[in-house]
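Residue numbers (my numbering), protein chains in the order written: chain A, 485 to 598; chain B, 8 to 119.
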């Protein structure tokens, strides 16, 4: 069974204080790893897709990296507007209908104080 | 650019009542999904439609039915609502199987 574990559950940072969020996963044949941002009362907003170990993607203050067992979301010099819940999801590559399923972690609630 | 639109945004049902959650996407995506999000459980897949004309069960399909009305629309029906179905429901769509999914704003459903 595919498993995704995110840590920490919650993280408080001061504005400008860089840090990383972790997403460790167990799947049989990774097709893709996805990072989403979710604001309170809203749907998840897509950030990045990573497909293979060693791949990196960047967007503004965010950088996502991928290894064979985990992914990191690095936040450089965060601002209060980066406060949100960050979700990680994986899609497995086994045959049949299950390869349409995204398995989500429970998320990391990030709070950036001014 | 609307993306994925869900209706209604909020709903309160009594146990045993039925209702249909509507979802429409304007991105010409092939695949559509229904998820539920519960505190401490994360997002879980209820049903999905890989392409127009097909639907399949996800992780937690019991108590739900779906209809892929056309390429744009995918509805979720609760035939006899139960308090355990109190949740936030999200519809999503993706162009292809292993590409990113785009989510709607959610429907907050309470069953009393």
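Every residue, glycine too, gets a C-beta built ideally from N, C-alpha and C. Owing to the predicted nature of the structure, the values given are computational and were not obtained by experimental measurement.
Interface flag, residue i vs chain B, CB-CB below 8 Å
i                      : result
residue 538 of chain A : no
residue 594 of chain A : no
residue 505 of chain A : no
residue 543 of chain A : no
residue 546 of chain A : no
residue 500 of chain A : no
residue 586 of chain A : yes
Proximity test, residue i beta-carbon vs the ligand GTP heavy atom, cut-off 7 Å
i                     : result
residue 25 of chain B : As presented, the structure is devoid of all ligands, the ligand GTP included, so that no description of it is given.
Proximity test, Cβ basis, 8 Å: residue i and chain A
i                     : result
residue 20 of chain B : no
residue 28 of chain B : no
residue 97 of chain B : yes
Rounded Cβ spacing between residue i and residue j (contact assumed at less than 8 Å)
i                     : j                     : result
residue 59 of chain B : residue 72 of chain B : That pair is no contact at about 17 Å.
Candidates the options, of which the one nearest residue i by Cα
i                      : options                    : result
residue 531 of chain A : B:109, B:115, B:37, B:118  : B:109
residue 74 of chain B  : B:92, B:39, B:24           : B:39
residue 46 of chain B  : B:91, B:70, B:54           : B:91
residue 515 of chain A : A:509, A:575, A:553, A:585 : A:575
residue 492 of chain A : A:486, A:498, A:500, A:507 : A:507
residue 586 of chain A : B:70, B:15, B:114, B:49    : B:49
Beta strand (DSSP E) segment containing residue i, residue limits
i                      : result
residue 94 of chain B  : 94-101
residue 516 of chain A : 514-522
residue 525 of chain A : Note, residue 525 of chain A: premise wrong, no beta strand (DSSP E); not H, not E.
TODO: Check distances from the C-beta atoms of the stretch 510-541 of chain A to those of chain B and list, in chain order, the residues that come in under 7 Å.
DONE: 515, 516, 518, 526, 527, 528, 530, 533
| query | Going along the stretch 99-119 of chain B in order, which residues come within less than 9 Å of chain A, judged by CB to CB distance? | reply | 99, 101, 104, 105, 106, 107, 108, 109, 110, 111, 112, 113, 115
**Q.** Members of the stretch 48-64 of chain B that neighbour chain A once the beta carbon cut-off is set at 7 Å
**A.** 49, 50, 52, 55, 57, 63
>> To be precise: take each residue of the stretch 548-572 of chain A, compare its Cβ to all Cβ atoms of chain B, and keep it if any distance is under 9 Å. Which residues remain?
In response: 571
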